[in-house]
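Position 198 of the sequence shown, counted from 1, bears residue number 197 in numbering that gives the first Met the number 0, the numbering being contiguous throughout.
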Amino acid sequence: MFNPKSAINKYRIPNSILNIAASVDGKYDWAIIDGNCELDPIKKIESYLSTGEYKYLGFTVMPGPQLRQAIISAKAIKEKYPHTKMIWGGYFPSNQPNAVLYSGYVDFIINGPGDNAFPNLIDALENGTPFEFIKNLIYKNVDSKIIINGKEDLLDQDALPPLPYDKLNEFYPIPKFLGKTYLGEKTLAYHSSIGCPFTCSFCAVVPIYEARWKGKSAQRVYEDVKYIKDKWGADAIEFHDNNFFVSEKRAVEFSRLIKDENMTWWGMARIDTMSKFKDSSLAAIREAGCKIIFFGAESGNNEVLAQMDKGGTQTGNQIIEFAERLKKFDIIPEYSFVLGTPGPTPEKVQAGIDFEIDFIKKVKHVNPKTEIIIYTYSPVPTEGSEMFKQVLASGFKFPQTLEDWISPAWESFDLRKNPLTPWLTAEMIDKIRNFETVLNGVYPTVTDIRMSMLKRKIVKLVASLRYKVDLYYYPYEIKLLQKIWRYRQPETQGF
Ligand code: B12
Ligand code: SF4
Numbered sequence: 000m001f002n003p004k005s006a007i008n009k010y011r012i013p014n015s016i017l018n019i020a021a022s023v024d025g026k027y028d029w030a031i032i033d034g035n036c037e038l039d040p041i042k043k044i045e046s047y048l049s050t051g052e053y054k055y056l057g058f059t060v061m062p063g064p065q066l067r068q069a070i071i072s073a074k075a076i077k078e079k080y081p082h083t084k085m086i087w088g089g090y091f092p093s094n095q096p097n098a099v100l101y102s103g104y105v106d107f108i109i110n111g112p113g114d115n116a117f118p119n120l121i122d123a124l125e126n127g128t129p130f131e132f133i134k135n136l137i138y139k140n141v142d143s144k145i146i147i148n149g150k151e152d153l154l155d156q157d158a159l160p161p162l163p164y165d166k167l168n169e170f171y172p173i174p175k176f177l178g179k180t181y182l183g184e185k186t187l188a189y190h191s192s193i194g195c196p197f198t199c200s201f202c203a204v205v206p207i208y209e210a211r212w213k214g215k216s217a218q219r220v221y222e223d224v225k226y227i228k229d230k231w232g233a234d235a236i237e238f239h240d241n242n243f244f245v246s247e248k249r250a251v252e253f254s255r256l257i258k259d260e261n262m263t264w265w266g267m268a269r270i271d272t273m274s275k276f277k278d279s280s281l282a283a284i285r286e287a288g289c290k291i292i293f294f295g296a297e298s299g300n301n302e303v304l305a306q307m308d309k310g311g312t313q314t315g316n317q318i319i320e321f322a323e324r325l326k327k328f329d330i331i332p333e334y335s336f337v338l339g340t341p342g343p344t345p346e347k348v349q350a351g352i353d354f355e356i357d358f359i360k361k362v363k364h365v366n367p368k369t370e371i372i373i374y375t376y377s378p379v380p381t382e383g384s385e386m387f388k389q390v391l392a393s394g395f396k397f398p399q400t401l402e403d404w405i406s407p408a409w410e411s412f413d414l415r416k417n418p419l420t421p422w423l424t425a426e427m428i429d430k431i432r433n434f435e436t437v438l439n440g441v442y443p444t445v446t447d448i449r450m451s452m453l454k455r456k457i458v459k460l461v462a463s464l465r466y467k468v469d470l471y472y473y474p475y476e477i478k479l480l481q482k483i484w485r486y487r488q489p490e491t492q493g494f
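Now the structure itself:
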């Protein structure tokens with residue numbers, strides 16, 4: 000099982016491949032290679048394959064820089080070990096099966112959850128039985144035609160085997176993965192649910208999970224976390240779920256259980272869902288150690304929210320009111336916005352960007368502690384949505400081959416920095432990025448634990464004047480300070 004390099008310095012427990020390892024643990028022998036912890040992962044993989052004891056190589060792949068190491072390694076390994084079966088799973092191959100399978104160096108894709116699909120595929124390969132009944136599998140048939148098998152119902156998450164933390168610890172010491180963050184000294188990454196019940200039109204989760212969500216029980220989550228805390232001393236948790244707070248009951252129950260463990264934690268949520276939480280629930284969540292919550296605010300414009308399929312339930316007013324409400328509970332809202340959505344004319348696109356800049360300033364006004372993350376709209380192929388139709392109509396084309404995906408331009412596309420979208424001019428992108436620079440200057444993120452109070456004050460002083468008078472052009476002085484002090488950007492470096 001290979002986790003290609005995805006993080007520059009903050010390693011996380013490689014949960015994707017650890018789940019897959021759990022699915023075959025006890026039945027097949029397995030080994031884990033973490034690209035985040037290896038200087039030369041290809042050499043490490045070869046050290047296993049050359050023993051002749053390993054027949055399959057599983058990769059987890061998300062777009063962006065992780066894809067780069069995945070492609071380079073898969074190509075090199077397939078060339079040297081052509082009989083090794085290459086199996087890719089994760090968000091990238093699930094959403095881009097053609098580019099992956101026609102590359103010639105990937106044999107199978109697990110589309111979505113692999114907890115049953117992976118062992119079923121290995122069984123079929125070992126026994127020479129057909130693939131067509133294996134749910135969540137994508138493969139090429141004898142005529143090189145890509146076959147996408149049906150999807151499996153989401154499994155009862157409590158019934159899944161426990162994650163083999165102790166065995167992972169034999170490959171890489173667990174404390175290596177419990178990094179120092181603004182949440183704590185030893186931060187555990189934990190995934191407590193899969194999927195998401197919503198259908199935002201830009202989101203890569205939707206085509207895979209199709210509005211389905213299933214969570215582990217609060218009790219099971221608590222037991223897992225407690226195990227890591229007691230054994231390796233974790234004092235903070237990052238919940239990596241797409242949507243941790245889908246169930247108010249589960250969140251409150253978990254809060255009740257974790258409260259006395261003195262842990263600080265963070266998770267992702269929807270504003271419209273959490274706005275309906277009772278005051279007592281929000282208070283219980285905070286008392287239990289939840290300090291900051293990430294929300295996809297996306298836009299302050301109700302029309303855009305509707306296009307994104309966030310509308311109807313989430314509105315601009317709600318975004319502002321909720322930021323203000325969380326202030327009372329001392330929970331920091333981390334709001335992400337997507338600027339540069341398509342529009343019928345350049346003037347409309349520009350007006351949209353200006354509107355969002357103004358809106359973000361309003362949010363900051365009601366709750367200055369709100370953390371703002373700005374992305375540039377990067378379409379994902381969620382076919383059929385209104386926004387996707389607009390994207391295609393504008394002449395936008397996705398890359399066709401795996402090599403195209405790792406060209407520098409597409410890599411920044413994946414990082415949602417340079418969208419390559421025909422409706423955005425260079426000036427528009429500059430305006431978004433320059434506003435972001437000034438905003439980060441006035442309000443440096445709390446998640447940058449290396450930035451001292453003095454540095455924060457200096458950069459704030461320099462940026463405040465620009466912010467007040469809406470002057471965002473050429474903010475070189477702020478950029479210089481951020482460069483010297485290596486300012487952390489959660490939007491590209493991950494949370
Ligand atoms: C942790 C994480 C990271 C970590 C790195 C994790 C690592 N591997 O070291 C960090 C913070 C570095 C990161 C960064 C980025 N990430 Co990220 N990340 C996640 C996150 C939150 C959790 C992944 C995880 O552990 N899931 C838990 C496991 C259990 O679930 P899973 O991965 O889906 O695995 C199941 C199946 O997919 C399948 N499977 C997965 N892998 C494999 C492998 C094999 C062999 C098999 C058989 C099956 C299989 O089986 C598993 C069990 O059922 C996901 C969202 C999410 N909730 O999953 C986003 C997510 C994958 N990231 C995403 C993105 C876009 C990025 C970035 C490119 C951009 C950004 N701005 O964040 C960067 C750049 C990454 C890089 N450097 O390449 C997107 C991908 C969207 C897309 N278009 O495909 C996601 C879905 C978030 C989102 N909703 O937008 N990320
Ligand atoms: S709420 Fe978040 S995870 Fe769910 S569909 Fe929307 S963007 Fe995706």
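Glycine residues also receive a C-beta, built at the ideal position from the N, C-alpha and C atoms.
Rounded straight-line distance, which links the Cα of residue j to that of residue i
i    : j    : result
Y221 : K248 : 14 Å
E151 : G88  : 15 Å
F1   : K277 : 43 Å
K9   : K77  : 29 Å
D271 : I330 : 16 Å
L187 : G394 : 43 Å
Y164 : K347 : 52 Å
L479 : K430 : 18 Å
V224 : V390 : 42 Å
M452 : V461 : 14 Å
I352 : I483 : 29 Å
S463 : Y471 : 11 Å
L153 : A210 : 11 Å
Y442 : R432 : 15 Å
K361 : K326 : 15 Å
I497 : Q218 : Only positions 0 to 494 of the chain appear in this structure, which leaves residue 497 out of reach.
D229 : K185 : 12 Å
K43  : Q349 : 49 Å
Start and end residues, alpha helix (DSSP H) containing residue i
i    : result
Y221 : A217 to W231
W422 : Unbroken run through W422: none, as it is neither H nor E.
M450 : Neither: M450 is in no alpha helix (DSSP H) and is coded neither H nor E.
A287 : It is not in any alpha helix (DSSP H) - A287 carries neither H nor E in the DSSP assignment.
E302 : N301 to Q306
P206 : V205 to Y208
K478 : Y475 to I483
L256 : E247 to I257
F170 : Y164 to F170
K74  : P64 to K79
S22  : N14 to V23
L401 : L401 to W404
Coil, strand or helix - residue i by DSSP
i    : result
D155 : coil
Y466 : helix
T128 : coil
T272 : helix
G51  : coil
P345 : helix
S102 : coil
S279 : helix
I133 : coil
Bridge partners - residue i, DSSP secondary structure assignment
i    : result
P332 : I292
D33  : N2
Y138 : F107 and I146
I319 : The partner list for I319 (beta bridge, DSSP) is empty, contrary to what the question assumes.
I86  : G57 and F107
K213 : I193
E297 : F336
F238 : Y189
W264 : I236 and C289
G178 : T186
Host beta strand (DSSP E) of residue i (start-end)
i    : result
F107 : F107 to I109
Y374 : E370 to T375
Cβ-Cβ separation, residue j to residue i (assumed contact under 8 Å), whole Å
i    : j    : result
T263 : A322 : So it is not a contact: roughly 21 Å between Cβ atoms.
S148 : V204 : This sequence places Asn at residue 148; Ser is not what is there. That belief does not hold up - the Cβ atoms of N148 and V204 are roughly 20 Å apart, past 8 Å.
G194 : Q156 : Not confirmed; about 10 Å, so no contact.
T312 : N301 : Contact flag wrong, Cβ pair sits at about 11 Å.
I109 : N135 : 6 Å
R255 : A283 : 7 Å
G339 : M427 : 6 Å
I32  : L167 : 12 Å between Cβ atoms; not a contact.
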